[in-house]
Amino acid sequence: MNHTYKNYEEQSKAYMQALIAHQRKVEEDAALRAASTILAKMYNNLDTAPAHTRTVCPGAPSRTKDHY
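In terms of UniProt numbering, the sequence shown opens at residue 1 and continues consecutively.
So, in structure tokens, the structure goes:
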């Protein structure tokens, strides 16, 4: 095949690498959005939840107004 590009293979390789990098970025962004949605649901109203007593949870911090 006669191509108008001098370095067709190099340009093809660079183009494919750019496509792969873009696809990875898109997948990472989608995964981060999904994770943040799940975590937001998990931790929704966590600060207003009743505190465990130290007998139930020995290492639990005290949940007074001074310590949030």
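From the three backbone atoms N, C-alpha and C, an ideal C-beta is built for every residue, glycine too.
Short of 6 Å in beta carbon distance, which residues of its chain neighbour residue i, apart from the five on each side in sequence? Order them along the chain.
i          : result
residue 7  : none
residue 13 : none
Note down, in chain order, each residue of its chain lying with its Cβ closer than 7 Å to the Cβ of residue i, except the 5 sequence neighbours on either side.
i          : result
residue 21 : none
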